[in-house]
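Chemist: Count along the sequence shown from 1, then add 3; that gives the number in the numbering used here. Just so you know, even glycine gets a beta-carbon here, dropped at the ideal spot from N, CA and C. The structure presented is a predicted model; accordingly, all values stated were derived computationally and were not measured.
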Amino acid sequence: MNTFIKLGLLFVGILLTSCTDVIEVEVPEAAPKLVIEASIDWEKGTTGSVQTINLSLSTPYFDEDQLNPVTNATVKVTNNATGAVFNFTNQNNGSYRTYNFKPVVNNEYDLEVVYNNETYTATETLMPVVAIDEVYQSIDEGFDKDALEVNVLFTDPAGIENFYLMKFQRKGGYLAELFDISDEFTDGNQMSIFYEDEEFVVGDMIDIQLFGISKQYYNYIRLLIEQASDGGPFATIPAQLKGNCINTSNPENNAYGYFRLTQVAKESITFIE
4 MNTFIKLGLL FVGILLTSCT DVIEVEVPEA APKLVIEASI DWEKGTTGSV
54 QTINLSLSTP YFDEDQLNPV TNATVKVTNN ATGAVFNFTN QNNGSYRTYN
104 FKPVVNNEYD LEVVYNNETY TATETLMPVV AIDEVYQSID EGFDKDALEV
154 NVLFTDPAGI ENFYLMKFQR KGGYLAELFD ISDEFTDGNQ MSIFYEDEEF
204 VVGDMIDIQL FGISKQYYNY IRLLIEQASD GGPFATIPAQ LKGNCINTSN
254 PENNAYGYFR LTQVAKESIT FIE
């Protein structure tokens, strides 16, 4: 046994002293692409007049500086039903903002971004959302009977194809938890969504947002959530997802990101004893 241990240690020592060469791998870098973060979210009970669209350029994966804002573009959104045009003012930090947006559910809107002499467009419909019926905490409705969980109830309208996005964000946390929801098998019923985490403790506050989304955006965000989650050893290799922002000047140079319009219901809960 002692001989085996000595031989093992000698072998490890040889490995540690022989593996000293640094291998540099050339990583190909793609040309920067425009990234469009255009989420028009109308909170229930508000006018929805203040809206912001963010523009940036993509950066190489290993770059230390991941922020590359675009500050020389023009941005506007048009309501195709009414003809109303909403110009977004450049904030000189990558953000473009309007203070007079008028959201109308089930109306179709066009986005137009002009950057570097190229025009990017997208079309979406502003989808309505139902109210949240109830939010409560529990420990006995999830998978881990010792973990605190948030439970959200809302009632799906009958006879209408609906799609939802639910977002849970712990105060002070970095990442939100997203759930894509379809009423394909629950049309007209009260729907129950729960979110549990073994790290939740009494005193944690959870912000909850329920978005009404289009079928087109549902298909996009569902794939994005799947790619962002741990799919295990048999998961498919993530592929680049195409959003709905099209470069009409140069179709080979489409933008990353998505133009969505949603109505959103918000609630929050703080865990108690």
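Looking at Tyr221 and Leu264, is the spacing between their C-beta atoms short of 9 Å?
Modeler: Sequence index remark: in the sequence shown, residue 264 carries index 261 (1-based). Sequence index remark: in the sequence shown, residue 221 carries index 218 (1-based). No, Cβ-Cβ distance for Leu264 and Tyr221 is not below 9 Å.
Chemist: Please classify Pro106 as buried or exposed, where buried requires at least 16 neighbouring CB atoms within 10 angstroms.
Modeler: Here residue 106 corresponds to residue number 103 of the sequence shown, with the count starting at 1. Result: buried.
Chemist: What number of angstroms, rounded off, separates the C-alpha of Ile56 from the C-alpha of Phe166?
Modeler: By 1-based counting over the sequence shown, the position of residue 56 is 53. By 1-based counting over the sequence shown, the position of residue 166 is 163. Taking the straight line from one Cα to the other gives about 23 Å.
Chemist: Nearest to Asp183 by CA position, among Ala258, Asn71, Ala231, is which residue?
Modeler: Counting from one through the sequence shown, the residue named residue 183 turns up at place 180. Checking every option, the nearest Cα to that of Asp183 belongs to Ala231.
Chemist: Does the structure place the stretch 128-135 close enough to the stretch 175-189 that three or more beta carbon pairs sit under 8 Å?
Modeler: Short answer: they don't touch.
Chemist: Count the other CB atoms, across all protein chains shown, that sit within 10 Å of the CB of Gln212; report buried if there are 16 or more and exposed otherwise.
Modeler: Translated into the one-based positions of the sequence shown, residue 212 becomes position 209. Gln212 should be labelled buried.
Chemist: Who are Asp210's beta bridge partners in DSSP?
Modeler: If you number the sequence shown from 1, residue 210 lands on position 207. In the DSSP output, where bridge partners are listed per residue, Asp210 has Gln172, Ser271.
Chemist: Could you tell me which residues DSSP pairs with Gln193 in its beta bridges?
Modeler: Taking the sequence shown and counting its residues from 1, one reaches residue 193 at position 190. Gln193 pairs with Thr158.
Chemist: Could you name the residues of the same chain whose beta carbon sits closer than 8 Å to that of Asn5, not counting the 5 residues immediately before and after it, in chain order?
Modeler: Translated into the one-based positions of the sequence shown, residue 5 becomes position 2. The predicted model places Asn5 with a pLDDT of 42, which falls under 50 and marks its position as unreliable; any figure quoted below should be read in that light. Same-chain partners within the cutoff: there are none.
Chemist: DSSP state of Glu276, grouped into three classes?
Modeler: In the sequence shown, residue 276 corresponds to position 273, counting from 1. The answer is coil: DSSP assigns Glu276 none of H, G, I, E or B.
Chemist: Between Val205 and the rest of its own chain, which residues show a CB-CB distance below 6 Å, the 5 nearest in sequence each way excluded?
Modeler: The sequence position of residue 205 within the sequence shown is 202, counting from 1. Once the five neighbours on either side are set aside, the close Cβ partners of Val205 are Phe274, Glu276.
Chemist: From the DSSP output, read off the bridge partner residues of Glu111.
Modeler: Residue numbering aside, residue 111 sits at position 108 when the sequence shown is read from its first letter. Note: Glu111 sits in a beta bridge opposite Thr128.
Chemist: Hey, how far is the Cα of Gly175 from the Cα of Glu199?
Modeler: Taking the sequence shown and counting its residues from 1, one reaches residue 175 at position 172. Taking the sequence shown and counting its residues from 1, one reaches residue 199 at position 196. Rounded to the nearest angstrom, the two C-alpha atoms are 17 Å apart.
Chemist: Whole-angstrom Cβ separation of Glu127 and Phe262, contact assumed at under 8 Å?
Modeler: Position 124 of the sequence shown, counting from 1, holds the residue named residue 127. Position 259 of the sequence shown, counting from 1, holds the residue named residue 262. Rounded, the Cβ-Cβ distance is 5 Å, consistent with contact.
Chemist: Just the C-alpha distance for Leu156 and Glu202, rounded to the nearest angstrom, thanks.
Modeler: As a first step, residue 156 is located in the sequence shown; it is residue number 153 there, counting from the start. As a first step, residue 202 is located in the sequence shown; it is residue number 199 there, counting from the start. Taking the straight line from one Cα to the other gives about 23 Å.
Chemist: Go ahead and pull the three-state DSSP assignment for Tyr220.
Modeler: As a first step, residue 220 must be located in the sequence shown, where it is residue number 217. In this structure, Tyr220 counts as helix in the three-state DSSP scheme.
Chemist: When the Cα atoms are used, what is the spatial distance from Tyr123 to Ser217?
Modeler: For the purposes of this step, residue 123 is taken as the residue at position 120 of the sequence shown. For the purposes of this step, residue 217 is taken as the residue at position 214 of the sequence shown. Tyr123 and Ser217: Cα-Cα distance of roughly 20 Å.
Chemist: When DSSP labels each residue in this structure, what does Glu187 get in the three-state scheme?
Modeler: In the sequence shown, residue 187 corresponds to position 184, counting from 1. Glu187: coil per DSSP, three-state reduction.
Chemist: Thinking Val53 and Tyr102 are a contact (beta carbons under 8 Å), I'd like their distance in whole angstroms, please.
Modeler: Stepping through the sequence shown from its first residue, residue 53 is reached at position 50. Stepping through the sequence shown from its first residue, residue 102 is reached at position 99. Contact flag correct, Cβ pair sits at about 6 Å.
Chemist: If we count the other Cβ atoms within 10 Å of its Cβ and call it buried at 16 or more, is Ala84 buried or exposed?
Modeler: The residue labelled residue 84 in the question sits at position 81 within the sequence shown. With fewer than 16 Cβ atoms within 10 Å of its Cβ, Ala84 is classed as exposed.
Chemist: For Leu121 versus Asn247, is the C-beta distance shorter than 9 Å?
Modeler: Residue numbering aside, residue 121 sits at position 118 when the sequence shown is read from its first letter. Residue numbering aside, residue 247 sits at position 244 when the sequence shown is read from its first letter. Checking the displayed sequence, the identity of residue 121 turns out to be Glu instead of Leu. No, the Cβ-Cβ distance between Glu121 and Asn247 is not below 9 Å.
Chemist: Just to confirm my understanding: we take Phe171, look at its own chain, exclude 5 residues before and 5 after, and list those with CB closer than 7 Å. What are they?
Modeler: In the sequence shown, counting from the first residue as 1, residue 171 sits at position 168. Cβ within range, chain order: Val153, Ala179, Glu180, Tyr198, Ile209, Ile211.
Chemist: DSSP on Pro35, reduced to helix/strand/coil?
Modeler: As a first step, residue 35 must be located in the sequence shown, where it is residue number 32. Here Pro35 sits in coil by DSSP.
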